[in-house]
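Asker: First the structure, which I've put down as structure tokens, then a few questions once you've had a look.
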Amino acid sequence: MARTTERLPLKGNSPGTGQEVMLHRYGSPGNGPKAYLQASLHADETPGMMVMHHLIPLLDRADEEGRLSGEIVVIPYANPIGLGQIVNQSQLGRYALNGDGNFNRNWPDLVALAGDTALDELERKLSDDALKNTIAIRQLFRRVLLEREPRDLLESLRLTLAREAVDADIVLDLHCDDDALMHAFLIPQHWPEAADLVAELECRAALLAEDSGGASFDEAFSTPWIKLAKRYPDCSILPACLAATVELRGRNDVSDELGRKDAAALFNFLRHRGFIRSEGADPEIPALLCEATDLAATDVVRSPAAGILAYNVDIGDQIRKGEVVAWLIDPAAEQPLEGRQAIKAGTSGLVLSRNSHKYVSAKDSIAKIVGKDLIEGRDGGYLLED
Ligand SMILES: [Zn+2]
């Protein structure tokens, strides 16, 4: 098996423009289990691209040694639109500049897209044979995406990526936070199954939510299986796509050293999952550095007003509910010492992230604190920062 590199053209927004997504494929489509890994859907989050730079040579070598099995798809940059959004020397890669919103929100709901007629058709094919059900559901999801025609560049990008991820057993979407420790988002149905991923990456938090409210890329492929299992409780439907958003620490944590380390972690994860045969004994899964917690127990601390942040805690600190996370300084206060107000933790737990930029607006997220107790008002609500 040899790697093939494909360049998939995207529909341009205006005459004479065009962009493309590149993918590397090991193995052939439909041949064995499939792993799909993409980097930097939020195009200003660079660590994922660095990890791919180091992961591809590892996979190439294993490929040359005949150790790969199944299909592995690697997308080293998932968002050429965002990569090109440079305004006044700043890269704006999180939101589409044309007003179409956050690149990692509003991914299609495959079950809703299928529609009632196709779901009735599916129901007639379902049985208590879980593997046959998985095949039937994948065929439906694939068809749903193939039938759609993109109207513009962003829809074209979304469809191109989704069509490739839709039939994967494993989908890893590599992101990063602002200034943060390594962590991952998963649906609860994949815990503790995904403990090998979390352990290999040395995650300090594994945040579980069945529906975080934003229709993010990972949930677009993991939750449809859960929805169908609920819709057809008498049929055996597995959570057949393990999809995770991996937050590769903070946006400035980009180096060859970290890229190599994280690429090796993902490579080992793929070994545990049978995509890479080992020369000798399989590597042992390292010990977990965290337990999984409900995302609704993570406090997204927000600023009550605009101002300057003076943090009172560091990432990695364990703090108590009510403790001062940061002082918010009002530069317009006539008496500077009276222009300071405390922003306090809403839960006890680990300080997972902070802002690197220290000027904030009202309601901006300024930190995430990983707690264990559900926070009132968060359960069942919108759980993401923006
Ligand atoms: Zn992101």
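According to our numbering, the sequence shown holds residues 9 to 394 in order. The C-beta atom is built at its ideal place from N, Cα and C for all residues, glycine as well.
#1: Evaluate contact between the region 260-279 and the region 339-355, counting only Cβ atoms and requiring at least three cross-stretch pairs below 8 Å.
#2: Determine which residues share a DSSP beta bridge with residue 310 and list them.
#3: Taking 7 Å as the limit between beta carbons, can you name the residues of its chain near residue 188, skipping five residues before and five after?
#4: Within 8 Å, do at least three Cβ pairs link the region 379-386 to the region 299-309?
#5: Go to residue 37, then tell me how far its beta strand (DSSP E) extends in each direction, as first and last residue.
#6: Which stretch, first to last residue, makes up the alpha helix (DSSP H) that contains residue 151?
#7: Taking 6 Å as the cut-off, is the beta-carbon of residue 50 closer than that to any non-hydrogen atom of ligand 1?
#8: Decide yes or no for the touch test of the region 166-181 against the region 27-47: beta carbon pairs closer than 8 Å, at least 3 of them.
#9: Express the C-alpha separation of residue 53 and residue 85 in angstroms, rounding to a whole number.
#10: Check whether the region 174-182 touches the region 246-253, taking contact to mean three or more Cβ pairs, one atom from each stretch, closer than 8 Å.
#11: Compare the Cα-Cα distances from residue 15 to each of 24, 291, 32, 96 and report the closest residue.
#12: Consider the C-beta atom of residue 53 and the heavy atoms of ligand 1; say whether any pair is separated by less than 6 Å.
#13: On the three-pair Cβ rule with 8 Å, is the region 228-241 touching the region 104-119?
#14: Who are the near neighbours of residue 387 in its chain, counting only those whose CB is closer than 7 Å to its CB and skipping five residues on each side?
#15: Expressed to the nearest angstrom, what Euclidean distance is found between the alpha-carbon atoms of residue 206 and residue 126?
#16: Please classify residue 355 as buried or exposed, where buried requires at least 16 other C-beta atoms within 10 Å of its C-beta.
#17: Please report the Cβ distance between residue 87 and residue 51, rounded to the nearest whole angstrom; I am assuming they are in contact, meaning their Cβ atoms lie under 8 Å.
#18: Would you mind stating whether residue 374 and residue 332 have Cβ atoms separated by less than 7 Å?
#19: Quick check: does the Cβ of residue 183 come within less than 6 Å of any heavy atom belonging to ligand 1?
Answerer: Walking through what the data contain:
#1: Taking a contact to require three or more Cβ pairs closer than 8 Å, the region 260-279 and the region 339-355 do not qualify as touching.
#2: Under DSSP, residue 310 forms a beta bridge with 373.
#3: 255, 257, 258, 323, 360, 361.
#4: Counting Cβ pairs under 8 Å, three or more are found: they touch.
#5: Bounds of any beta strand (DSSP E) do not take in residue 37, whose DSSP letter is neither H nor E.
#6: Counting along the chain, the alpha helix (DSSP H) containing residue 151 begins and ends at 138-154.
#7: Residue 50 Cβ: within cutoff of ligand 1.
#8: Put simply, the region 166-181 touches the region 27-47. At least three CB pairs are less than 8 Å apart.
#9: Rounded to whole angstroms, residue 85 to residue 53 spans 10 Å at the Cα level.
#10: The answer is yes - the region 246-253 touches the region 174-182, with three or more Cβ pairs under 8 Å.
#11: Here the closest residue by C-alpha is 32.
#12: Within the cutoff, so yes.
#13: Taking one beta carbon from each stretch, the region 228-241 and the region 104-119 have 3 or more pairs nearer than 8 Å; the two touch.
#14: Excluding positions up to five away in sequence, the list reads 304.
#15: Straight across, the Cα-Cα distance linking residue 206 with residue 126 is about 36 Å.
#16: With 16 or more Cβ atoms within 10 Å of its Cβ, residue 355 is classed as buried.
#17: Confirmed, Cβ separation roughly 4 Å.
#18: In this structure, residue 332 does not lie closer than 7 Å to residue 374 by Cβ.
#19: Flag set: Cβ of residue 183 near ligand 1.
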